[in-house]
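Quick mapping for you: the protein sequence lines, in order, are chains A and B.
If you want the numbering used here, it's the 1-based position in the first sequence plus 112.
If you want the numbering used here, it's the 1-based position in the second sequence plus 1480.
Don't be surprised by glycine CBs; every beta carbon is placed ideally from N, CA and C.
Just so we're clear, the structure is a prediction, and the values are computed from it rather than from any experiment.
Here's the structure, in structure tokens; my notes come after.
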Amino acid sequence: MAAVPDDASVADSSALLEASGLIKSFGPVVALRGADLRVRGGEIHALMGANGAGKSTLVKILTGALTADGGTITLGGRPRTFHSTSEARRAGLICVYQDPSLLPDLTVLQNLKLTATPISLFRHYLAELGLEGFDLQSLPRELARPTLSLLDLARALAIEPQLLLLDEITASLPADLTVRVFNVARQLRAEGRSVIFISHRLAEVGALCDRATVLRDGKTVGVVEPAQGGEERIVKLMLGPVAEEVAAEAASPSAPATGAVSMEVRDLKAGMLSGVSFMLRFGEVLGVAALEGQGQQELFDCLAGVRRPESGQIVVGGKARVFRHPADAIRAGVVLIPADRLQALLRQRSVRENIALPLVNRFSRWGPINPRREKRRVESAVKRLQIDTRVQSEVRRLSGGNQQKVGIARWLASGFNTLLCFDPTRGIDIGTKRQIYGLVKELAANGSAVLLFTSELPEIQLACNRVIVLFGGELVDEMPASEADEQALLRAAHGLPSEADAEQQAPEGA
Amino acid sequence: MATSVAAKVSGPAGINAGRAVRRYGWTVAVYVLFATLMVATLIVKPDFGAFEWNTLTLAALPLAFAAAAQTMVVLSGGIDLSVGPLMALANVLALRATVGHDLRYSVGVALLVLLEVTLAGALNGAIIVLTRVPDIVVTLAMSFVWAGLALLVLAKPTPGIPLDFQNLAQGSTFSPWVPNALLLLLVIPLVWIPLRRSRAGLAIYAVGSDRNAAFRSGVNLGLSRVLAYAVGGFFAACGGLALSMTTGVGSPLAGTYYTLSGVSAIVLGGVSLAGGRGGMLGPLAAAYILSLIPAVLIYLGIDPNYGQMIQGVLIVIVVMIGGIGTVLRRA
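Take a look at the structure:
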């Protein structure tokens, strides 16, 4: 809070865009509860916040994709409300998203026509981004993703926007293309135009941005200058007091386990994942920390039999396994809890049927189901997880937390030895989250092995004994949970050396 | 990564041939199939002449319009199960209004019917956009509404379309090999080509291709979809009038066949049922192919009811071959 400038209520004459007190809710979910953003002319302004802090809602409101429930937006001193993206576009506000918004089935030229983009300017900016001579007859469906991002960016630049929003555009770009994007952003700044830059990569924000506005739980909690060692402040603001609470609660993280090896992964390669090896023991929860898209999806997919690795070995119970199908993994006792609960559950069927689904496979191959045995196992699993519902009700009527519990209950009922949890608490309230982490820990204490990826770094200490960190498809760090506080994880997940390492290296470098 | 990007950018000439195959391959293949079938027909029936060609075109005309109507809607990411009833509606309206009148009056009626059924199509689209009920549900429901309306207009098949008006389709004004029905088919490109080149046409492709990206590109989603249904309604009306002209009869149930055979024609013609991909040329040839099959069977002396089975098998085989092509390209 202290970081908000004192003159917050006084109109800033140099502000190009001023949004204040923006409120937006989707039914019972409040996405923004008083977000402020002030961007000066000729400024590159970062918009930071953890997942679910309200960044994307704010961007959508600014570009007219959504209309705010409350609050004001002024552009160049005039109050504005945008009802469509084309209206915002005419006013000089345009956003380039992480997933390119070129239509896959129209040629690039037709895409430009659709948005009435001046073609000569588009070509000019393409050349600036290093794509001179690009063939406008190509179909976006047939182009590589980084190329699409650059095309999308050039299309936005071609309308000469006053304010350009870059929503995680660097997430899908290799490093050399990122540099080109940065150069263009700096050029806009030099021309007196402004850029709002959204990225999870702190290093990029520090290198590029003049100021950063930090959102947390739908509110602006501070404005920071990242260049002067402000990165740590941004991290603290993003985390907020909840993280401290978590830290206190996790003061005594579980010690690393020493049980037998449940699963060993040797030099696993698949897509983004480029050679990862680790061991998972019975009785431990092994955390996986990573920013979005660092190979964790590929890792879990391979382990669960959803995807076949390009090379490397998965050893389960002392035998190298080839999982051709999730059924193979399940038979080997390796089961997956995906982030999207509805991927795993039949939402229109009852809790009972959902839990019994893997059982059916076991009790009777295609034949009639033994209802008494099924009922007994299901009820014991429901009781154990305290699923707050009657077993007959449809799964889609349950809260997200309870749905996730059903997902876990089905494996409890059918039996497993290794549980893979891929971001199991995504979009679940904090109370249920704790319950799920408690459950995961209990499962490990009872002798199972658990591999847990969570996108919420502060929560790793709550559940895990040990943590491995993925960055760019490689395993870059491993630490006991006692050392894995949020700062250490954030550094490692950004590919930065730990503080201790950095200090060690400093004298050598000098 | 960077080098692959650069390589893709710098070699436009090299990939053009492959791209042409990918983009127009299906359409070319459908015309090759049509040509092959024509050759087969000539072998089976060596005296295939202008008269047979005219008969074939007359048979293909309503189906081609039904396919055009369905193409419009499917390109925008929807599906219209009321194309047949809309055709029937146009057909019976035309009979009720033209019976016993001269050519000029009939043409005036035809224009009015085009307008009415276009509005009916637009209504389909508007209901879908406003209620957010899925396309397939709304158009299924509306198909009963339009079919009921057609029965109210005309309870049973009745002849009486003025002969002069029939001759607009049945005659051969210019040359026996250029029957009037073939010229009437030109309505499709006359509407389609300008639309396809306009921003409205791009918007229809856009909503069918990726609704989210279209929204971000500033496309008015609702309006584009209603437009697609309206143009679909226009083509359905053309199809209904074509039925009037080719049969001379107003029949409230005549359209029923054309809903699903229109879908068959567009699938065969390379329009993706997922929306956003395909064009008009393919479905036109497909309409001819689907009309030619029963004719060939008659020439061969086989029960033409086998034609339906052959059509079904043909569609599955063609789509399967297309799918294999896609898989091979990815590998």
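Per-residue contacts from THR197/A into chain B (C-beta, under 8 Å) = For the purposes of this step, residue 197/A is taken as the residue at position 85 of the first sequence. PHE1695, ARG1696, SER1697 and GLY1698, listed in chain order.
Please confirm if ARG1584/B has its CB atom under 8 Å from at least one CB of chain A.
-> Taking the first residue of the second sequence as position 1, residue 1584/B is located at position 104. At least 8 Å separates the CB of ARG1584/B from every CB of chain A.
With a Cβ-Cβ cutoff of 8 Å, do LEU1740/B and VAL1747/B count as a contact?
-> For the purposes of this step, residue 1740/B is taken as the residue at position 260 of the second sequence. For the purposes of this step, residue 1747/B is taken as the residue at position 267 of the second sequence. By the CB criterion at 8 Å, LEU1740/B and VAL1747/B fall outside the cutoff.
Contact between the stretch 172-185 of chain A and the stretch 130-139 of chain A (3+ Cβ pairs under 8 Å) = In this structure the stretch 172-185 of chain A lies against the stretch 130-139 of chain A, because at least three pairs of beta carbons, one per stretch, are closer than 8 Å.
Give, in chain order, every residue of the stretch 1662-1692 of chain B whose Cβ lies closer than 7 Å to some Cβ of chain A.
-> Listed in sequence order: ARG1679, LEU1682, ALA1683, TYR1685, ALA1686, SER1689 and ASP1690.
For ALA1568/B, which of TRP1533/B, THR1619/B, LEU1634/B and GLY1558/B has the nearest alpha-carbon?
-> Here residue 1568/B corresponds to residue number 88 of the second sequence, with the count starting at 1. Of the candidates TRP1533/B, THR1619/B, LEU1634/B and GLY1558/B, the one whose C-alpha sits nearest the C-alpha of ALA1568/B is LEU1634/B.
Nonlocal neighbours in the same chain, by C-beta distance under 7 Å from LEU144/A, ignoring five residues either side = For this step, residue 144/A is matched to residue 32 along the first sequence. Cβ neighbours of LEU144/A beyond the five flanking positions: LEU134, ILE135, LYS136, GLY166, THR169, LEU170 and GLY330.
Three-state secondary structure (DSSP) of LYS545/A | Working through the first sequence from its first residue, we reach residue 545/A at position 433. Taken through DSSP and simplified to helix, strand or coil, LYS545/A comes out as helix.
Using only alpha-carbon positions, find the residue among LEU551/A, ASP597/A and GLY204/A that is nearest to GLY176/A.
-> Residue mapping note: residue 176/A aligns to position 64 of the first sequence, counting from 1. For GLY176/A, the closest alpha carbon among the candidates LEU551/A, ASP597/A and GLY204/A is that of GLY204/A.
Buried or exposed: which applies to PHE1624/B, given that a residue is buried once 16 or more other Cβ atoms fall within 10 Å of its Cβ?
-> The residue you call residue 1624/B lines up with position 144 of the second sequence. Result: exposed.
Taking C-beta to C-beta, are ILE281/A and GLN222/A nearer than 8 Å?
-> Within the first sequence, the letter at position 169 stands for residue 281/A. Within the first sequence, the letter at position 110 stands for residue 222/A. The answer is no: Cβ separation not under 8 Å.
Assigned exposure category for SER476/A - 16 Cβ within 10 Å defines buried = Along the first sequence, one-based indexing puts residue 476/A at 364. Residue confidence for SER476/A is low, a pLDDT of 44 falling below 50, so the modelled location carries little weight; the figure read from the coordinates is stated next. The residue is exposed, with fewer than 16 neighbouring Cβ atoms inside 10 Å.
Apart from the five residues on each side of it in sequence, which residues of its chain come closer than 6 Å, Cβ to Cβ, to ALA1686/B?
-> Mapped onto the second sequence, residue 1686/B falls at position 206. Answer for ALA1686/B: ALA1694 and VAL1699, listed in chain order.
CA-to-CA distance, LEU1610/B to ALA1627/B, given in whole angstroms | Numbered from its first residue, the second sequence carries residue 1627/B at position 147. Numbered from its first residue, the second sequence carries residue 1610/B at position 130. Answer to the nearest angstrom: the Cα atoms are 23 Å apart.
Residues in its own chain within less than 8 Å of GLY146/A by CB, not counting five upstream and five downstream?
-> Against the first sequence, residue 146/A aligns to sequence position 34. Hits under 8 Å: GLY133, LEU134, ILE135, GLY183, GLY330, LYS331 and THR332.
LEU327/A vs GLY527/A beta-carbon contact at 8 Å = In the first sequence, residue 327/A corresponds to position 215, counting from 1. In the first sequence, residue 527/A corresponds to position 415, counting from 1. Cβ atoms of LEU327/A and GLY527/A: not closer than 8 Å.
Inter-residue spacing [alpha-carbon to alpha-carbon] between PRO421/A and ALA1661/B = What you label residue 421/A is simply residue 309 of the first sequence in a count that begins at 1. What you label residue 1661/B is simply residue 181 of the second sequence in a count that begins at 1. Cα-Cα distance, rounded: 59 Å.
Flag this pair as yes or no: are the beta carbons of SER462/A and GLU506/A separated by less than 8 Å?
-> Here residue 462/A corresponds to residue number 350 of the first sequence, with the count starting at 1. Here residue 506/A corresponds to residue number 394 of the first sequence, with the count starting at 1. Inclusion of SER462/A and GLU506/A in the CB contact set at 8 Å is warranted, their separation being smaller than that value.
Please confirm whether any heavy atom of the ligand GTP lies closer than 7 Å to the CB of LEU1666/B.
-> Although the ligand GTP was asked about, the structure shown includes no ligands whatsoever.
If the cut is a Cβ gap below 7 Å, which residues of chain D does GLY1756/B touch?
-> Absence of chain D from the displayed structure is noted, the protein chains being A and B.
Residues in the stretch 177-189 of chain A having any Cβ partner in chain B nearer than 8 Å | So the close ones are ALA177.
Closer than 7 Å by beta-carbon distance: list the chain B residues that pair up with THR227/A, in chain order.
-> On the first sequence, position 115 is the one that residue 227/A refers to. Going along chain B in sequence order, the residues near THR227/A (Cβ under 7 Å) are SER1697 and GLY1698.
Exposure of ALA605/A, with buried meaning 16 or more beta-carbon neighbours within 10 Å | Walking along the first sequence from the start, residue 605/A turns up at place 493. ALA605/A comes out buried.
For VAL1799/B, the three-state DSSP class (helix, strand or coil) | Here residue 1799/B refers to the residue found at position 319 of the second sequence. Helix.
Quick one: which unbroken alpha helix (DSSP H) runs of 4-plus residues sit fully inside the stretch 248-329 of chain A? Chain order, please.
-> List check, alpha helix (DSSP H) in window: 257-269, 287-302 and 314-320.
What is the C-beta distance between SER1724/B and ASN1571/B, in whole angstroms, given that I count them as a contact (C-beta under 8 Å)?
-> Translated into positions along the second sequence, residue 1724/B becomes position 244. Translated into positions along the second sequence, residue 1571/B becomes position 91. Contact flag correct, Cβ pair sits at about 5 Å.
Got a sec: which bits of the stretch 402-423 of chain A sit with their beta carbon under 7 Å from any beta carbon on chain B, in order along the chain?
-> Within the stretch 402-423 of chain A, no residue qualifies.
Along chain B, in chain order, which residues have C-beta atoms closer than 9 Å to that of GLN210/A?
-> Counted from its first residue, the first sequence places residue 210/A at position 98. Within chain B, no C-beta atom comes nearer than 9 Å to that of GLN210/A; the closest sits roughly 12 Å away.
Nearest-angstrom Cα distance between MET384/A and ALA239/A?
-> In the first sequence, residue 384/A corresponds to position 272, counting from 1. In the first sequence, residue 239/A corresponds to position 127, counting from 1. Answer to the nearest angstrom: the Cα atoms are 29 Å apart.
State buried or exposed for ALA363/A, treating a residue as buried only when at least 16 other CB atoms are found within 10 Å of its CB.
-> To locate residue 363/A, count along the first sequence from 1; it is residue 251. Per-residue confidence for ALA363/A stands at a pLDDT of 45, beneath the threshold of 50, marking its modelled position as unreliable; no derived number is given.
Between LEU1561/B, LEU1583/B and LEU1770/B, which lies nearest to ASP1644/B when the distance is taken from Cα to Cα?
-> Here residue 1644/B is taken as the residue at index 164 of the second sequence, counted from 1. Minimum Cα-Cα distance from ASP1644/B among the listed residues LEU1561/B, LEU1583/B and LEU1770/B corresponds to LEU1583/B.
To the nearest angstrom, how far is it from the Cα of ALA441/A to the Cα of ASN529/A?
-> If you number the first sequence from 1, residue 441/A lands on position 329. If you number the first sequence from 1, residue 529/A lands on position 417. So the two alpha carbons sit approximately 11 Å from each other.
Which residues in the same chain have their Cβ closer than 8 Å to the Cβ of LEU1536/B, if we skip the five residues on either side of it in sequence?
-> Looking up residue 1536/B in the second sequence gives position 56. Residues of the same chain with a CB within less than 8 Å of the CB of LEU1536/B, apart from the 5 flanking positions on each side, are TYR1768, SER1771, LEU1772 and ALA1775 in chain order.
Test: ALA284/A CB closer than 8 Å to a CB of chain B = The count along the first sequence starts at 1 and reaches residue 284/A at position 172. Residue 284/A is actually Ser in this sequence, not Ala. So, not an interface residue.
Classify ARG477/A as helix, strand or coil using the three-state DSSP reduction.
-> Numbered from its first residue, the first sequence carries residue 477/A at position 365. Confidence at ARG477/A is low in this model, with a pLDDT of 48, below 50, so its placement is unreliable and the value that follows should be read with caution. Note: ARG477/A maps to coil in three-state DSSP.
Contained beta strand (DSSP E) runs [length at least 3] in the stretch 1605-1655 of chain B, N- to C-terminal order | Here no run is fully enclosed.
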